[in-house]
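Numbering (full-length UniProt numbering), first residue to last: 1 to 383.
Don't be surprised by glycine CBs; every beta carbon is placed ideally from N, CA and C.
Keep in mind that this is a model prediction, so the values were computed, not measured.
Structure first, then comments.
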Amino acid sequence: MLEFTCHTKISAATEQITGPKYIYNLTPFEKLPEFINDTKKFHDILGIITKINEPEWIPFSNQPNPSLRRDIRLTYGCGQEIKMAIWGSKATQFNLPEDPNMEDRLAIVLFTGCLVKYYQENFYVSGYSACHWYINPDIPEAASLLNRTHGQSYKIKRSGIPIAEQSQPEPPPVADFLTLHEMEAIDPYEFPATGCRCTVTIVRLVETQNWWYPACNLCKKSCLPEGSSYRCPKCNILDMYTYKYKLPFFASDGTEESEMIAFAAVAQSIVGKPVETVMRSIRNRDNIPPDIAAIVSSKFTFSVAMVESSFSKPKKSYQINSILHNYGKQRALPFHGPNQAQLSNEHNQLSAQPSASTSPSYIPPGSSQNPLHETPTKILPLD
């Protein structure tokens, strides 16, 4: 894989270049789980195809149109088998024609530019625009794999409906465009399953909550500190986590003020910087980083869903599923006086805070809510 940065210099070749036919660095099947959800490293894999599905349309709740996906099964012998998913236009470009004369011949494929993903407690290899493949490549590893089969036959199973005979699924219904006041008036048990759209301005931060958390690479849930690292209580794995945003704030559209929260990539789009970049910039860890504080007065159109805790609170909260439009910084904030439910809720929060501090951002040392002080922190590179 080649990586280009703003400092990369490219010079035109004055002589004809004869490069290798294949450029690859194979990752063994057993090593792939170590790179689950690591988007910085592409992997090359080699295997024998045992099953090919026709491309199928896959709908997603956070995007208007479905995507094409083709599932493939690969084996490396000795019972090692993995699932390969090819997405988008690559799903239709991959083709292994049915040839009766080649039924007994193995289809060894070299896939390059793949990522390792995790879904429903199983990992798989995923291929997007960077993915390429070579069928029965002339490389030493393919010859070695062929010898390892000892003449065993791997008949390819095919399933699914040809894409030409499929109808593209209807896009999901567009969420209603509502004001925060209209959203607050909806009974929580009748809140739209598709969520809502709203245009709001961020008016203040929730200073009593952390803006980041160590997320398990498998289930994406929060990890707990253990020794000098973190362990996921659900997956029971140690030191397999990534820092991600958990960004709570209050937003208003002039009709109401509501608490919202954004995670991971959505929150990064709001802040404009990766979470680890912001963590490196911290000088006084008792204060909110300038990059986080700078989101106040930013205006967006969000697609949101009601969070489950809204069933037990007097006022709803919302999780941001996607950003539909970014209007930038605003000169003035929309004003709406807090209602009685909000005042009561904030009064209860303040009453529950420890008396050791008059600051709303105080968190006792050693608390799980304050990992910046006492809990282990992954060492971040300076580059």
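Item                                                                                                                                                : Value
Selection from Val-271, Glu-256, Val-125 and Pro-66 that minimises the alpha carbon distance to residue 384                                         : Missing from the structure shown is residue 384; the chain here goes from 1 to 383 and no further.
Span separating the alpha-carbon of Asn-136 from that of Pro-33                                                                                     : 25 Å
Three or more C-beta pairs below 8 Å linking the stretch 248–256 and the stretch 172–181                                                            : yes
Supposed contact pair Leu-96 and Ala-107 - C-beta distance, whole angstroms, cut 8 Å                                                                : 6 Å
Best match in Ser-129, Ile-82, Glu-308 and Phe-35 for proximity to Gly-88 [C-alpha to C-alpha]                                                      : Ser-129
Alpha carbon of Met-262 to alpha carbon of Lys-221, nearest angstrom                                                                                : The question names Met, but residue 262 is Ala in the sequence shown. Rounded to whole angstroms, Ala-262 to Lys-221 spans 14 Å at the Cα level.
The stretch 62–78 / the stretch 8–15 touching (three or more Cβ pairs under 8 Å)                                                                    : no
Per DSSP, the bridge partner or partners of Arg-197                                                                                                 : Phe-177 and Ser-303
Whole runs of the alpha helix (DSSP H) within the UniProt domain "Replication factor A C-terminal" (201–316), excluding any shorter than 4 residues : 264–271, 275–280 and 290–293
Contact between the stretch 230–241 and the stretch 206–220 (3+ Cβ pairs under 8 Å)                                                                 : yes
Three-state class that DSSP yields for Lys-157 in the structure shown                                                                               : strand
3 or more residues per run - each beta strand (DSSP E) lying fully within the UniProt domain "Replication protein A OB" (40–118)                    : 43–53, 56–58, 67–77 and 80–87
Alpha-carbon to alpha-carbon, Glu-226 and Val-266                                                                                                   : 28 Å
Leu-26 - partner residues in DSSP beta bridges                                                                                                      : Asp-44
Beta-carbon spacing of Ser-303, Ala-185 below 7 Å                                                                                                   : no
Contacts around Gln-319, its chain only, beta-carbon distance under 6 Å, and the 5 residues preceding and following it disregarded                  : Ile-261, Ala-305 and Val-307
Enclosing beta strand (DSSP E) for Asn-122 [first to last residue]                                                                                  : 122–135
Cβ-based neighbour list, Gly-160, same chain, cut-off 7 Å, excluding 5 preceding and 5 following                                                    : Asn-53, Glu-54 and Glu-56
Between the CA atoms of Phe-300 and Ile-323 - distance to the nearest angstrom                                                                      : 7 Å
Where Ser-167 sits in the DSSP three-state scheme                                                                                                   : coil
Ser-144, DSSP secondary structure in three states                                                                                                   : helix
Burial state of Ser-298 (16 or more Cβ within 10 Å)                                                                                                 : buried
Status (buried if at least 16 other CB within 10 Å, exposed otherwise) for Thr-112                                                                  : buried
Per-residue burial, Arg-289 [other beta carbons within 10 Å of its own, 16 or more giving buried]                                                   : Residue identity check: residue 289 is Pro in the sequence provided, not Arg. Counting Cβ neighbours within 10 Å, Pro-289 comes out buried, since at least 16 surround it.
CB contact flag (Phe-191, Val-116, <7 Å)                                                                                                            : no
Contact set for Ser-357: own chain, Cβ-Cβ below 6 Å, skip 5 residues either direction                                                               : Bear in mind that a pLDDT of 35 at Ser-357, under 50, signals an unreliable position, so the model cannot answer this.
Backbone secondary structure at Lys-329 - three-state DSSP                                                                                          : strand
Outcome for Tyr-24 when other beta-carbon atoms lying within 10 angstroms are tallied against a minimum of 16                                       : buried
C-beta atoms of Thr-199 and Gln-330 nearer than 7 Å                                                                                                 : no
Three-state secondary structure assigned by DSSP to Leu-32                                                                                          : helix
Nearest residue (CA-CA) to Lys-315, options Glu-259, Arg-283 and Pro-28                                                                             : Glu-259
Phe-42 versus Cys-114 - alpha carbon distance                                                                                                       : 5 Å
Identity of the residue in Pro-248, Phe-335, Lys-313 and Tyr-327 nearest Ala-293 by Cα                                                              : Pro-248
Spatial distance of Ala-142 from Leu-110 (CA atoms)                                                                                                 : 8 Å
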